[in-house]
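Okay, structure first, notes after.
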Amino acid sequence: MIIKSATFVVSNTKVSALPEANMPEYAFIGRSNVGKSSLINKLVNQSGLAKTSQKPGKTQLINHFLINEKWYIVDLPGYGYAKVSKTSREKWEKFIRAYLTKRENLQCVFVLIDSRLEPQKIDLEFCCWLGECGIPFALIYTKADKQSGVKTDQNVSKFHKSLKNWFEEIPPFFVTSSESGLGREKILEFIQEVNEDFVMPILKKPDHNAQPQ
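Per this note's numbering, the very first residue in the sequence shown carries number -4; after that it's consecutive.
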């Protein structure tokens, strides 16, 4: 897939205010500081599209980016950052889960995992929640350039072994580097294949008496 255009569309915290669900959509999420913004920028070859920061927890909104005027990348807030208030964490979690369970055109959730680390409980629990909800997801192992390929393979294998306690099959996965571009083409090929099978969802008519989320 050739990326011809990538533009910011909107940021918000309300599922009811999202763009019309008329194109395939791919959400990116992971623990804070996992390299999510850098990866998104590498995928679309725009260094400043998704805002990167040395401060974990920077992304606090649902950010939509329109790619090639045909599909969306959605940058979701990171989870697991301890230095935010409990109230903020609960608020983020509520709208993230509402988005993931209610967005009709969501095709896949890319769960980003730091390839340098042993399996983290919070990542495993999030994957299990996606599985329980029947939400399609794939794994993206980040920062593979920061260590040897052997170490990356070892940590990937450990994470998959842990996942097998809950899943019969391991979901699609990609090993990546935002520095070298490792894994970029494979992710874009995966998205293109899914896009080809996209069927326009039958959208529910809005209930004007319902309370906004």
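The beta carbon of each residue, even a glycine, is placed where N, CA and C say it ideally should be.
Helix, strand or coil: how does DSSP classify residue i here?
i: Leu13; result: coil
i: Trp161; result: coil
i: Thr137; result: strand
i: Leu95; result: helix
i: Phe185; result: helix
i: Tyr67; result: strand
i: Ser152; result: helix
i: Gln115; result: coil
i: Phe193; result: coil
Closer than 6 angstroms by C-beta to residue i: which residues in its own chain qualify, once you throw out the five before and the five after it? Chain order, please.
i: Met(-4); result: Leu183 and Gln187
i: Pro131; result: Cys103
i: Lys168; result: In the sequence as presented, Lys is not what sits at residue 168; that position holds Phe. Closer than 6 angstroms at Cβ, skipping near neighbours: Leu134.
i: Lys53; result: The pLDDT assigned to Lys53 is 49, lower than 50, so where the model puts this residue is not dependable; a value taken from the coordinates is nonetheless given after this. For Lys53, where only same-chain residues beyond five positions count, there are no Cβ hits under 6 angstroms.
i: Thr2; result: Leu61
The alpha helix (DSSP H) spanning residue i covers which residue range?
i: Glu20; result: Not the alpha helix (DSSP H): Glu20 falls in the beta strand (DSSP E), residues Glu20 to Gly25.
i: Ile62; result: Unbroken run through Ile62 is the beta strand (DSSP E), Ile57 to Ile62; no alpha helix (DSSP H).
i: Val29; result: Note, Val29: premise wrong, no alpha helix (DSSP H); not H, not E.
Assuming residue i and residue j make a contact with CB atoms under 8 angstroms, what is their CB distance in whole Å?
i: Arg26; j: Tyr74; result: 6 angstroms
i: Val151; j: Ile24; result: That belief does not hold up - the Cβ atoms of Val151 and Ile24 are roughly 18 angstroms apart, past 8 angstroms.
i: Leu177; j: Asp148; result: About 13 angstroms; that fails the 8 angstroms criterion.
i: Ser173; j: Ser33; result: 4 angstroms
i: Ile(-2); j: Asn58; result: At roughly 17 angstroms, the Cβ-Cβ gap does not stay under 8 angstroms, so Ile(-2) and Asn58 are not in contact.
i: Lys146; j: Glu113; result: Lys146 to Glu113, Cβ: 11 angstroms. No contact.
i: Ser110; j: Lys86; result: Not quite, the Cβ-Cβ distance comes to about 30 angstroms (not below 8 angstroms), so this is no contact.
i: Lys116; j: Asp70; result: Wrong, their Cβ atoms sit about 24 angstroms apart, outside the cutoff.
Just reading off the beta strand (DSSP E) that residue i is part of, what are its end residues?
i: Asn7; result: Ala1 to Asn7
i: Leu107; result: Leu101 to Asp109
Is there a Cβ of chain B sitting closer than 8 angstroms to that of residue i, yes or no?
i: Glu174; result: The structure shown contains no chain B, having only a single protein chain.
So, for residue i: in the same chain, excluding its five sequence neighbours on each side, which residues have a beta-carbon less than 8 angstroms away from its beta-carbon?
i: Ser6; result: Leu56, Ile57, Asn58 and His59
Q | Three CB pairs or more closer than 8 angstroms across the stretch 38 to 48 and the stretch 160 to 167 | A | no
Q) For the 8 angstroms Cβ check, are there 3 or more pairs between the stretch 93 to 101 and the stretch 8 to 18? A) yes
Q | Stretch-stretch touch, CB-based, cutoff 8 angstroms, three pairs: the stretch 115 to 126 with the stretch 30 to 41 | A | no
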